[in-house]
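**Student:** Encoded as structure tokens, here's the structure I'll be asking about.
Numbering (our numbering), first residue to last: 1 to 298.
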């Protein structure tokens, strides 16, 4: 059995988790939420970051480290986890009655990263997002006690869009790690090649920029598909989900503002851009007439 010290020597501390949360495209624990809910959101974020840490930078056998985390997830549901971040998660899963399966999918996404470095089609990449991104939205809805199948489907569109926006921003970083998350079929459609993604190469990046423009539009369409979720919620929860959507729109706008040049560095939205995007999401929901609708019950 793997020892904790061997499994996760670089696992982020609570302070590191908080610092990384501030740099996300969307608010991990929005200040508009009650303190108890914020604590649960941060517990989930801590788990997600721990999974990524083990999958991206743990020394030794990372698949074995992820297997250890799967066992500690089981211990969290039994009330006896080993890792401090998992002890926080144990409180959340107990108080919110969260199912285990979405957390297992997040671990499985990082197992996939150990085996798969590129995706041929959009459908394959979307399948990866169903592991790496969509569970987070489902978990958040569970914390809100609003997780119905219809709401989860809307959340999946939002989460996949946020993941795609991040893939577009981090093309150079992912390439340096040996991964390409732009579907090969989309690269071919616009005449781009793997060599065009290498930031060290001298190149004409016109084709790559065309690919990114296409992915940005795809992500924006997914955000629009999922935005009715905002109208399904009330009060602070509605504002928090609107902020998630707005974070995605602001990230996509930042890529457009950079004229799709992501190899010079990941384009990031400013705080003002995020606030402006939030106002836009809320205004759109008000005009659509969904903000006054009662949440559906099923």
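We put the CB at the ideal spot given by N, CA and C, even for glycine. Bear in mind the structure is a predicted one, so any value in this text is a computation, not a measurement.
Buried or exposed: residue 55, going by 16 or more other Cβ atoms within 10 Å of its Cβ?
**Tutor:** Looking at its Cβ environment, which holds 16 or more other Cβ atoms inside 10 Å, residue 55 is buried.
**Student:** Closest by CA to residue 180, which one among 167, 192, 218 and 191?
**Tutor:** If we check each option's Cα against that of residue 180, 167 comes out closest.
**Student:** Taking the beta carbon of residue 102 as the centre, do at least 16 other beta carbons fall within 10 Å, making it buried, or is it exposed?
**Tutor:** Residue 102 is buried by the Cβ-count criterion.
**Student:** Which partner residues of residue 116 appear in the DSSP bridge assignment?
**Tutor:** Answer by DSSP bridge pairing: none, since residue 116 is not bridged.
**Student:** With a cut-off of 8 Å on the beta carbons, I'd call residue 245 and residue 281 a contact; round off their distance for me.
**Tutor:** The Cβ separation is near 5 Å, so the contact holds.
**Student:** What residue range is occupied by the uninterrupted alpha helix (DSSP H) comprising residue 237?
**Tutor:** It spans 235 to 257 - the alpha helix (DSSP H) in which residue 237 sits, taken as one unbroken run.
**Student:** I need the straight-line Cα distance from residue 238 to residue 285, nearest angstrom please.
**Tutor:** Taking the straight line joining both Cα atoms gives about 11 Å.
**Student:** Is the beta carbon of residue 205 less than 8 Å from the beta carbon of residue 263?
**Tutor:** Yes, these two residues count as a Cβ contact at 8 Å.
**Student:** When burial is assigned at 16 or more other CB atoms within 10 Å of the CB, is residue 274 buried or exposed?
**Tutor:** Buried, because 16 or more other Cβ atoms sit within 10 Å of the Cβ of residue 274.
**Student:** Terminal residues of the continuous alpha helix (DSSP H) containing residue 56?
**Tutor:** Where residue 56 is concerned, the enclosing alpha helix (DSSP H) stretches over 35 to 57.
**Student:** Express the C-alpha separation of residue 225 and residue 170 in angstroms, rounding to a whole number.
**Tutor:** Whole-angstrom Cα-Cα distance: 24 Å.
**Student:** Along the alpha helix (DSSP H) that carries residue 71, what are the first and last residues, could you check?
**Tutor:** Unbroken alpha helix (DSSP H) run through residue 71: 62 to 78.
**Student:** According to the neighbour-count rule (16 or more other Cβ atoms, all chains shown, within 10 Å of its Cβ), is residue 163 buried or exposed?
**Tutor:** With 16 or more Cβ atoms within 10 Å of its Cβ, residue 163 is classed as buried.
**Student:** Between which two residues does the alpha helix (DSSP H) carrying residue 276 extend?
**Tutor:** Taken as a continuous stretch (DSSP letters only), the alpha helix (DSSP H) holding residue 276 covers 271 to 288.
**Student:** Can you have a look at residue 248 and say buried or exposed, based on whether 16 or more other CB atoms are within 10 angstroms of its CB?
**Tutor:** It counts as buried.
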